Amino acid sequence: MKRNSVALASGLLLASSLALAGCGSTTSPSTTPTSTTPQSGGTIVTALPADSNVNWYFPLMNGLDDSLYNAWIQNLMYKPLFTLNGNGSINYSRSIASAITPNAAGTQYTVTMNPKYKWSNGTPVTSTDVLFTWHIIQGASASNAPAPWPYVGAGTGDIPSGVKSVVADGPYKFTVTLNQPANQEWFIYNGLSDFTPLPKAAFDKYGTSTPSKMHQELVWLGQIATEPTNPAYQVVDGPFKLVSATASQSWVFKPNPSYDGHKAYVSKLIFQYETSDTAEFAAIKTGAIQVGYLPTSLYKERNSVAGYKFSLYTPLGYNDVIVNMNHGNKQASQNAPNGIGNIFDQLYVRQALQYGINQPAINTAAFQGNGIVEDGIVLPTPKTIFYDPNLKLLYPYDPAKGKKLLEDNGWHEVNGVMQKNGQQMKFTLDYSSGSNAFVQEVTLLKEGWAQEGIQVTLVPQPFSTIVALTNDQWDMEDYGGISWGGSYPTGGGLFGTPGVGLNSQGYYNPEMVHLIALTHQPYKTQAESLQALYNFQAFVSKDLPILFVPYASGYDLTADNVHGTIKYANPFTQGISPQYWWVSK
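Read left to right, the sequence shown gives residues -21 to -1, 1 to 564 (mature numbering (1 follows the signal peptide of the UniProt record, and there is no 0)).
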């Protein structure tokens, strides 16, 4: 799971989750005849979403820097343990793992590695590298891990607390043993997916065998995570190597000649920072960007950009607004400002806020009706077995009903603002800057909540700034949403322990924890497994750990002479696979 911004730079996807029943993209084909045989050479410039930076290069991320765009860069350099097909099955022919064999009880998982994969310095990728990854995950997930940790994946896939042992069975095989039986699909997709091999020889500076060494190692890795020029990042096993990285400008890659998978066709790949949607679209029109996006406000112009083909896609994920429920912590910096955590922690307050969100109006104004009105965290598009068709919209737009909820719980309106016991319903909403879609969305949020006596001040911030805010620095956030990224769509890293994984809002409910745990258990039939998932999703819709806003489809614009982007798209994740992109001359 990764945070992403609404104005996505690309819908070009690498992996998937468990079951794909329909495609999530449509394309307006180019009328320009081109060669169908891939050609080598050329440069492709692809646009990042407006005001989005790449700021973390180490493949294991902390919560404050966990973003889809950091993951894009990391996956170009470091190959994940396994790659998924569009139907959700593991593509072993493209994976480091050549086989994953769980036992019947779901307590043990034996992974065989393909010996063909090597690091760019010529040494093989082995189980030693995987065990190094595991040791770093353990240390970085600990409660006493030094800043900037803890690891964002802690709690997802029950990593690391649910793992009894990880043992190398030879240079190209390892076994993971769990403390208790688990749903095999859930652990493979949410647990084993964390075991991206890392080059031990490059990153293991201090060792991990003692607490003191581990502390030094984690401090060092945290430091170089934001230092792309560190020599450690030149030892890679992915399709590309980083050439240069300049924050708020560009990130330049060249093919890794030692890559043992599908070698890249292009000579150079550039990710370009964009100050705004307007700047990005201007660069598209001049041909300065080959793979970019159409700002949502310009949807009517989708087929009028000469030399570019348009595609609309809907990847698996959801958009949300989060409210700061953090309270009761010993350190003030861990709590929401001005005691508002105690306000947002009340379900009736979150219900009132949801009643004040006019999803149909936002969908029309911000997304030209191409978005999806959300009723939960797994949506009907793209079609998957994970969506519960019986799920209903529990809190449709009804500000009068929301206002009455507040009044019934002791709030009264004074000069347009609800008050109770000296507290006021006056909050700041930080939202991702650079995109008109965000402006239109938050404007309608403010208008809806004002009808309930909730006053909101809108503050635009860069995406990377918003996701890095500490608990005492924010009230409400509209940063975009969550990409499921090929994971089993349950909530261990989202709505479990406050402060763990992506639960930065401090949400906690024992019933939610119980329902999440039930999705992790093994079942005799797929129907039973899915019912546990549906029960969890229904409670999310009812208890509102997040506020639902429309989920935006993405609009791609790709130069007519750039190929492979649509063919290798997959709506289940929002990773990218540019080693398959090529430029016709």
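From the three backbone atoms N, C-alpha and C, an ideal C-beta is built for every residue, glycine too. Just so it is clear, the structure is predicted and the values come from calculations on it, not from any experiment.
Given a threshold of 16 other Cβ atoms within 10 Å of its Cβ, counted over all protein chains shown, does residue i qualify as buried or as exposed?
i	result
H241	exposed
P339	exposed
N100	exposed
G460	buried
G350	buried
T11	Below a pLDDT of 50, predicted positions are generally treated as unreliable, and T11, at 47, falls in that range; the measurement from the model is reported next regardless. Exposed, since its Cβ has fewer than 16 Cβ neighbours within 10 Å.
H542	buried
N388	exposed
Y559	buried
G266	exposed
Q117	buried
N450	buried
K546	exposed
V131	buried
L481	buried
L(-10)	Confidence in L(-10) is poor, its pLDDT being 28 and thus under 50, which makes the residue's placement too unreliable to answer from.
S46	buried
S283	exposed
Y327	exposed
V393	exposed
K564	exposed
N158	exposed
A285	exposed
P236	exposed
T208	exposed
S122	exposed
S312	exposed
E490	exposed
Q53	buried
P17	exposed
A379	exposed
DSSP has residue i in a bridge; who is on the other side?
i	result
W230	A224 and F250
V396	V393
D457	Y410
D299	G459 and F527
H542	W561
Q434	K405
residue 565	There is no way to answer for residue 565, as the model of the chain reaches only from -21 to 564.
G266	Answer is none; G266 lacks a bridge partner.
N41	Y130
Y272	D535
P178	According to DSSP, which records beta bridges pairwise, P178 is partnered with nothing at all.
Q440	S411
L63	I69
F219	P234
Since I believe residue j is in contact with residue i (beta carbons under 8 Å), could you give me their beta-carbon distance rounded to a whole number of angstroms?
i	j	result
D535	Y252	At roughly 18 Å, the Cβ-Cβ gap does not stay under 8 Å, so D535 and Y252 are not in contact.
Y410	L437	6 Å
residue 583	F474	The requested residue 583 does not occur in the structure, where the chain is confined to residues -21 to 564.
V270	T25	4 Å
D299	L526	6 Å
L200	I115	7 Å
S276	N415	5 Å
S227	I249	Their Cβ separation, rounded to whole angstroms, is 14 Å, which puts S227 and I249 out of contact at 8 Å.
E456	I319	Between I319 and E456 the Cβ distance is about 13 Å, and since that is not below 8 Å, they are no contact.
M304	Q484	5 Å
W128	L197	6 Å
A344	Q419	5 Å
The segment 147 to 166 in contact with the segment 105 to 115 per 3-pair CB rule at 8 Å: yes
Length at least 4, wholly inside the segment 80 to 166: the alpha helix (DSSP H) runs in chain order: 106 to 120
Contact between the segment 367 to 381 and the segment 503 to 517 (3+ Cβ pairs under 8 Å): yes
contact_flag[the segment 34 to 46, the segment 255 to 270] where n(CB pairs < 8 Å) is 3 or more: no
Segments assigned alpha helix (DSSP H), at least 4 residues, entirely inside the segment 488 to 519: 489 to 498
Contact the segment 495 to 504 vs the segment 156 to 165: 3+ CB pairs below 8 Å: yes
Secondary structure, beta strand (DSSP E): runs of 3+ residues fully inside the segment 11 to 35: 22 to 29
contact_flag[the segment 345 to 359, the segment 552 to 561] where n(CB pairs < 8 Å) is 3 or more: no
At least three beta-carbon pairs within less than 8 Å, the segment 428 to 435 to the segment 380 to 399: yes
contact_flag[the segment 177 to 193, the segment 221 to 237] where n(CB pairs < 8 Å) is 3 or more: no
Segment contact flag, the segment 46 to 62 with the segment 126 to 143, C-beta cutoff 8 Å, min 3 pairs: no
Meets three-Cβ-pair contact criterion under 8 Å: the segment 437 to 447 and the segment 71 to 90: no
Minimum length 3: unbroken beta strand (DSSP E) runs contained in the segment 292 to 369: 296 to 302
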